[in-house]
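**Student:**
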Amino acid sequence: MAASEFSTGCYSSELIPPHIRATLRQLHCHSSLIASSARHCQEIEAHLDSAAATMDERRRELELKEKELEIARTAVERRSLELDAREEAFELVQKKEIADMRKHMEAEKESAERNLRELEEKEEELEMLGSYIEERGIMVREKELAVEAKEKEIERISTDLKSREGELEKNLGELRAKGEGFIEETESGIHDHNNPRSLRKSFEEQPKELEISRKQMETVATSLSNTISELQAKEKQLIKVRNLIAQYTAECELKEKQLCMADRVLQDKERDLGSVQQVLEERREELVGKEKILGYLRNCLAEQSNELDLRRNEMEKITKLLSASSSELRSKERELAEARNSITVCNAEYELKEKQLGMVVEKLQLKEKEMCSVQHTLQECGQELETKQNLLGSLLSILDLLREKVGAKEEELGSLQKSIDEQRNQNQAGTVDGALPCESNPDSPLKETSLPYLIDDEISTAIQQSPDPAKMILDQLKESMSQIDAKKYNQTVVRKCIVTLEQLLGVSGKVSPEMEEAATRLAISWRGYLSQAAHGTVDVLAFLLFLAAFGVGSHFEAEDTLQLVEEIAHHERAPELCRSIGLAKWIPGLIQRLSEKNMHMEAIRFTLAFKLAEKFPPNLFLLDYLEKTRTFENGNDLLESQCQALNNHLDSLKVISQRVAGFGLDPSFLNQKISNHLQELETGVGRKRSCLIATGLVIQSPRHAGATLSGNILELGSWNQQGQSNKRPKKS
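Converting from the sequence shown to my numbering requires adding 52 to each position, the first position being numbered 1.
(1) Considering only C-alpha positions, which residue in the set 181, 131 and 332 is nearest to residue 315?
(2) Consult DSSP for residue 620 and reduce its assignment to one of helix, strand or coil.
(3) With a threshold of 16 other CB atoms inside 10 Å of the CB of residue 70, please say whether the residue is buried or exposed.
(4) Quick one: give me the first and last residue of the alpha helix (DSSP H) that residue 564 is part of.
(5) Which residue marks the beginning of the alpha helix (DSSP H) containing residue 627, and which one marks its end?
(6) I need the straight-line Cα distance from residue 550 to residue 662, nearest angstrom please.
(7) The alpha helix (DSSP H) spanning residue 653 covers which residue range?
(8) Relative to the alpha-carbon of residue 664, which residue among 642, 649 and 679 has its alpha-carbon at the smallest distance?
(9) What residue from 116, 287, 112 and 631 has the CA that sits closest to residue 199's CA?
(10) Would residue 589 and residue 619 be called neighbours here (beta carbons separated by less than 8 Å)?
(11) Does residue 523 pass the burial test, meaning 16 or more other C-beta atoms within 10 Å, or should it be called exposed?
(12) Using the three-state DSSP reduction, which class does residue 340 fall into: helix, strand or coil?
(13) If we ignore side chains and look at the alpha-carbon of each, how far apart do residue 298 and residue 305 end up?
(14) Tell me whether residue 329 is buried or exposed, calling it buried when 16 or more other Cβ atoms sit within 10 Å of its Cβ.
(15) What do you get for residue 630, buried or exposed, if any count of 16 or more other CB atoms within 10 angstroms of its CB means buried?
(16) If we ignore side chains and look at the alpha-carbon of each, how far apart do residue 144 and residue 373 end up?
(17) For residue 568, which residues from the same chain have a beta carbon less than 8 Å from its beta carbon, with the 5 sequence-adjacent residues on both sides left out?
(18) Distance, Cα to Cα, residue 267 vs residue 217?
(19) Apply the 10 Å Cβ neighbour rule to residue 565 and answer buried if 16 or more other Cβ atoms are within range, or exposed otherwise.
(20) At what residue ranges does the segment 137-196 contain a whole run of the alpha helix (DSSP H), taking only runs of 4 or more?
(21) Return the CA-CA distance between residue 644 and residue 655, expressed in angstroms with no decimal places.
(22) Within the same chain, show all residues whose beta-carbon is closer than 7 Å to that of residue 100, passing over the 5 residues directly before and after it, in chain order.
(23) Just to confirm, is the Cβ distance from residue 608 to residue 578 under 8 Å?
(24) Please list the terminal residues of the continuous alpha helix (DSSP H) segment that includes residue 641.
(25) According to DSSP, is residue 587 helix, strand or coil?
(26) How would you write the range of the alpha helix (DSSP H) that residue 676 sits in, first residue to last?
(27) Using only CA atoms, which one of 422, 104, 132 and 583 lies nearest to residue 359?
(28) Cβ atoms of residue 195 and residue 296: under 8 Å apart, would you say?
(29) Would you call the segment 392-408 and the segment 114-134 in contact, with 3 or more CB pairs under 8 Å?
(30) Could you check what DSSP says for residue 785 in three-state terms: helix, strand or coil?
(31) Could you give the DSSP three-state label for residue 520: helix, strand or coil?
(32) Out of curiosity, what's the CA-to-CA distance linking residue 626 and residue 410?
(33) Taking just the CA atoms, how far does residue 226 sit from residue 283?
(34) Label residue 319 either buried or exposed according to how many other C-beta atoms from any shown protein chain fall within 10 Å of its C-beta, with 16 as the threshold for buried.
(35) Taking only heavy atoms of the ligand ADP into account, decide whether any of them is closer than 7 Å to the Cβ of residue 381.
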């Protein structure tokens, strides 16, 4: 009723648009329908209450039957559990006995197999021994035959020797007879001195005969000595052969003894094998008896299982009856639940309509507040614009004064340069202090005008004309750093220092050890300031430029310096600064950290600058960046925020396109990805527009945002088509 009164009161309001009034009228009609349906639901609830009472009685009866069934079921389950436990215990005992018998039989079988293997090995040894004895017997017989042949040869030689001895004795007898005859003849010749011719003849014949006899004796003696030596050699060979025969006979006797022992061992093993076989037979008989017992027990278990099956069938019949009654109960409960659900749905629809009406009213109030706030902000912006215009006029006047002062300073600098040139010509062999009076002279206009207050061209001119620009810039930086303690530090001074240090990097020249030491002290104090106080990327860039310009980067930890590099990684000169400071070998780790922190464009810049594209492919970084920008905010119902999220997503796609063109990469690999994103964005824009048309709450600012969004989509689509038409193969 409160909602209806509020809606009727709102109809007269001029702030509510016509379509909102129509919606409110429809809601009022719906509320009357909901009230009538609520009365009908109350009647249905009364009828359902009576049905629920009867259902409660049936439920109590079913619960009693279920309890009885549960008692019977628990008894059956307990009985079945007892049977299962007995079966398991019997099976465990049976398995244990069978396992023990199998282990025992396997052990006996293994011992029998081991004995058989030993017997086979012994038989093989006996066979080898028999073959060895046969070979030795053959060798002995061959040796005996050789000995017999040698004995026959010795007998033959002895017979020859005896025959030769007989011939020798015969020759000796003849020689002896001839000698005696010769003696007799000589004696007769001496007595018969009347016949000198016969005597001379006999004397001439006797030496010849003696020579012949001597030769015969020598031949007989040599043959006899040869025969004796041969006989001695044959006797030695005979002795060796007899020794070998004795040795072979001893070995044969030893082998025969071993063979007898092996036969006895084999007989023992056969007896053991017979006993093992007897034990196996006994075990087999025991196993047969236990199998019979097992069969009897199985029959008993089968009978008990049959009884259990009968009881289970009875239980199933009872459960079927219970299920039939429970199904009827469930159908009644479903009808009751459907009726209650319909009532709850009607109530929920009624509440939802009330909430929607309240939300519409709240949105209207919010729109009014937004219009008021916009008017207020417009007034404030007008006031701020007037104040800024006044401030701009004052700044322009100050700028004119500064330009006049700069012109005067330029004239003074020109006169000073002329005086410096004249003095340099006069004193060519002078020191650096003598060559630059502007640094030693406190009245010098260059000393009075600090570098931060000069323009870029003046700084470049001063650095190029100075004989020691490093010392000049270091003194100016010391003065700038001293302003930190004096609370006069500002970003303008730091930016001028950056310009000065960039100019110094372009000037070639070595820094003296004294200058490097002073620069190191200043760098340490500067780093301490960055660690203690809040700082921006401009401060970090100036510090890194200082390290590169004076070459003092090695005095700091590389990891500490890399943390500062991460803060200015978006700067185009960051890779060049890392190379100048000497951080080239730590760049892969820096690229990895930048990728982990979703700084993909910075990682690509360092990858291409240090030629690490093979290790860190830029395409993967771009794809990762593209995937990270897919999600955009959908939670806010306001069109402005949704269009802004879509515009941000399109801006990220344009950033990718610009980076691809700036890095000189091939955009063909991103065409499909960007096309998919464009389709998603176009569908998202269409869906949001349809929602706006349905609600009729479109205002001027979202229309402008939608137009910007459409322009961004068209711009990015044209770039995508251009990338597809200008494909060129290039390795990343």
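Even for Gly, the Cβ is constructed at its ideal location relative to N, Cα and C.
**Tutor:** Per the coordinate set shown:
(1) Looking up residue 315 in the sequence shown gives position 263. Residue 315 has its Cα closest to that of 181, out of 181, 131 and 332.
(2) Reading the sequence shown from its first residue, position 568 is the one you call residue 620. Residue 620 falls in the coil class under three-state DSSP.
(3) Here the question's residue 70 lines up with position 18 in the sequence shown. That one is exposed.
(4) On the sequence shown, position 512 is the one that residue 564 refers to. Unbroken run through residue 564: none, as it is neither H nor E.
(5) For the purposes of this step, residue 627 is identified with residue 575 of the sequence shown, where counting begins at 1. Where residue 627 is concerned, the enclosing alpha helix (DSSP H) stretches over 626-633.
(6) For the purposes of this step, residue 550 is taken as the residue at position 498 of the sequence shown. For the purposes of this step, residue 662 is taken as the residue at position 610 of the sequence shown. Computed Cα separation, rounded: 24 Å.
(7) Numbered from 1 along the sequence shown, position 601 holds the residue referred to as residue 653. Its alpha helix (DSSP H) spans residues 652-661.
(8) Your numbering for residue 664 matches position 612 in the sequence shown. Cα-wise, what sits closest to residue 664 is 642.
(9) Stepping through the sequence shown from its first residue, residue 199 is reached at position 147. Here the closest residue by C-alpha is 287.
(10) Within the sequence shown, numbered from 1, the residue matching residue 589 stands at position 537. Within the sequence shown, numbered from 1, the residue matching residue 619 stands at position 567. Yes, the pair counts as a contact, with Cβ atoms nearer than the cut-off.
(11) The count along the sequence shown starts at 1 and reaches residue 523 at position 471. With 16 or more Cβ atoms within 10 Å of its Cβ, residue 523 is classed as buried.
(12) Looking up residue 340 in the sequence shown gives position 288. It is helical.
(13) Within the sequence shown, residue 298 is the residue found at index 246, counting from 1. Within the sequence shown, residue 305 is the residue found at index 253, counting from 1. One C-alpha to the other measures close to 11 Å.
(14) On the sequence shown, position 277 is the one that residue 329 refers to. Counting Cβ neighbours within 10 Å, residue 329 comes out exposed, since fewer than 16 surround it.
(15) Looking up residue 630 in the sequence shown gives position 578. With 16 or more Cβ atoms within 10 Å of its Cβ, residue 630 is classed as buried.
(16) By one-based count along the sequence shown, residue 144 stands at place 92. By one-based count along the sequence shown, residue 373 stands at place 321. C-alpha separation (whole angstroms): 40 Å.
(17) Numbered from 1 along the sequence shown, position 516 holds the residue referred to as residue 568. Correct list, in chain order: 602, 603 and 604.
(18) In the sequence shown, residue 267 corresponds to position 215, counting from 1. In the sequence shown, residue 217 corresponds to position 165, counting from 1. Whole-angstrom Cα-Cα distance: 16 Å.
(19) Looking up residue 565 in the sequence shown gives position 513. That one is exposed.
(20) none
(21) If you number the sequence shown from 1, residue 644 lands on position 592. If you number the sequence shown from 1, residue 655 lands on position 603. The straight-line gap from Cα to Cα measures roughly 8 Å.
(22) Looking up residue 100 in the sequence shown gives position 48. The answer, listed in chain order, is 388 and 391.
(23) Taking the first residue of the sequence shown as position 1, residue 608 is located at position 556. Taking the first residue of the sequence shown as position 1, residue 578 is located at position 526. In this structure, residue 578 does not lie closer than 8 Å to residue 608 by Cβ.
(24) Residue mapping note: residue 641 aligns to position 589 of the sequence shown, counting from 1. 639-648 is the span of the alpha helix (DSSP H), which, as asked, contains residue 641.
(25) For the purposes of this step, residue 587 is identified with residue 535 of the sequence shown, where counting begins at 1. Three-state DSSP puts residue 587 in coil, outside helix and strand.
(26) Indexing the sequence shown from 1 puts residue 676 at position 624. Note, residue 676: alpha helix (DSSP H), 670-680.
(27) Numbered from its first residue, the sequence shown carries residue 359 at position 307. Nearest option by C-alpha distance: 132.
(28) Counting from 1 along the sequence shown, the entry for residue 296 is found at position 244. Counting from 1 along the sequence shown, the entry for residue 195 is found at position 143. Yes, the Cβ-Cβ distance between residue 296 and residue 195 is below 8 Å.
(29) no
(30) This structure cannot settle anything about residue 785, because the visible part of the chain is limited to 53 through 784.
(31) What you label residue 520 is simply residue 468 of the sequence shown in a count that begins at 1. DSSP places residue 520 in coil when its eight states are reduced to three.
(32) Within the sequence shown, numbered from 1, the residue matching residue 626 stands at position 574. Within the sequence shown, numbered from 1, the residue matching residue 410 stands at position 358. For residue 626 and residue 410, the distance between alpha carbons rounds to 57 Å.
(33) Locating residue 283 in the sequence shown gives position 231, where the first residue counts as 1. Locating residue 226 in the sequence shown gives position 174, where the first residue counts as 1. The straight-line gap from Cα to Cα measures roughly 28 Å.
(34) Taking the first residue of the sequence shown as 1, we reach residue 319 at position 267. Result: exposed.
(35) Absence of the ligand ADP is noted for the structure shown, with no ligands found whatsoever.
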